[in-house]
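Residue 44 in UniProt numbering sits at position 44 of the sequence shown; the count goes up by one each step and never skips.
Heads up, the beta-carbon is just placed ideally off N, CA and C, and yes, glycines get one too.
These figures come from a predicted structure and were not determined experimentally.
Reading through the structure tokens given below for one structure.
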Amino acid sequence: MVLSLALAFGVAATSLFILGMESLLGMAGLGVGAVLMMFVATPLSGLAAGRHWLPQPWGFIGQRLPIGAAFIAISARRRRAAGERAEVAVSA
């Protein structure tokens, strides 16, 4: 239940960002928002290698974007189910 809720919030946050860009920029905002999410937010989120492999402050910024935040929630839940300690970045 919690895992599907985290996934749903991640999809909703990404979709609402793209719709917000559309309301600001018109139809061009759909393309700009999609490109930003696919080619900027996804690599900065640290999904493939982890935020520690990204130069600072990009790992921190990437985990505050919708895709990175959804990944944090999903991986924290998965680790908690496996009995591991969940590592969550705390902003200073």
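Rounded C-alpha distance that separates A92 from L44: Here residue 92 corresponds to residue number 92 of the sequence shown, with the count starting at 1. Here residue 44 corresponds to residue number 44 of the sequence shown, with the count starting at 1. Per-residue confidence for A92 stands at a pLDDT of 48, beneath the threshold of 50, marking its modelled position as unreliable; no derived number is given.
Touching by the beta-carbon criterion (3+ pairs, under 8 Å), the stretch 45 to 57 and the stretch 17 to 25: no
Reducing DSSP to helix, strand and coil, say where P43 ends up. The count along the sequence shown starts at 1 and reaches residue 43 at position 43. Helix, per DSSP.
Check whether the stretch 2 to 14 and the stretch 62 to 75 are in contact - that is, three or more C-beta pairs closer than 8 Å. yes
Proximity below 8 Å, CB of S41 to CB of G62: As a working mapping, residue 41 is identified with position 41 in the sequence shown. As a working mapping, residue 62 is identified with position 62 in the sequence shown. Note that residue 41 is Ala in the sequence shown, not Ser. Yes, the pair counts as a contact, with Cβ atoms nearer than the cut-off.
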